[in-house]
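Residue numbers (the numbering used here): 60 to 200.
I have placed the structure first, in the form of structure tokens, so that the comments after it can refer back to it.
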């Protein structure tokens with residue numbers, strides 16, 4: 060297991076970051092300022108976030124701590140099998156890879172969306188921090 064922290068922002072987390080969500084802001088700061096923290100923005104989720112809150116895509120793509128994940132062939136094939144592209148690309152991005160052998164955590168403000176999916180979730184709703192204070196990701200935020 061690696062000490063690196065890999066987090067995928069879903070479309071709701073990206074929109075929340077654009078609205079000043081304090082937990083999303085802390086993740087963005089850590090990804091920029093601390094070694095071993097990696098934050099990813101799947102392109103399909105970025106599009107949906109921008110539809111929900113215009114300007115979000117340009118803003119997040121300009122931040123140095125965020126890596127935008129392109130829709131490559133493998134991702135496109137995975138997305139094509141799902142109903143929503145944003146969630147599908149986020150889930151695909153959270154799967155283990157050579158760079159992320161343990162996979163990634165999906166940061167979201169809609170944790171109910173992920174209940175039936177085989178992914179780890181970080182709830183970015185401010186009230187959730189009290190419930191998840193034991194989370195190693197939120198403990199230092």
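Virtual Cβ for every residue (Gly too), placed ideally from N, Cα, C.
By DSSP, does residue 129 sit in helix, in strand, or in coil?
Residue state, collapsed to three classes: coil.
Any idea what DSSP makes of residue 122, helix, strand or coil?
Three-state result, residue 122: coil.
At the level of alpha carbons, what is the spacing between residue 91 and residue 123?
Spanning the two alpha carbons is a distance of roughly 6 Å.
Going by beta carbon distance, what residues of the same chain come within less than 8 Å of residue 77, once the five residues before and after it are set aside?
So the qualifying residues of the chain are 108, 112, 114, 115, 118 and 119.
According to DSSP, which residues form a beta bridge with residue 180?
Looking at the DSSP assignment, residue 180 forms a beta bridge with 165.
Which of helix, strand or coil does DSSP assign to residue 94?
Residue state, collapsed to three classes: coil.
In chain order, what residues of the same chain lie with their CB nearer than 7 Å to the CB of residue 173, ignoring the 5 residues before and after it?
Here the set comprises 165, 167 and 180.
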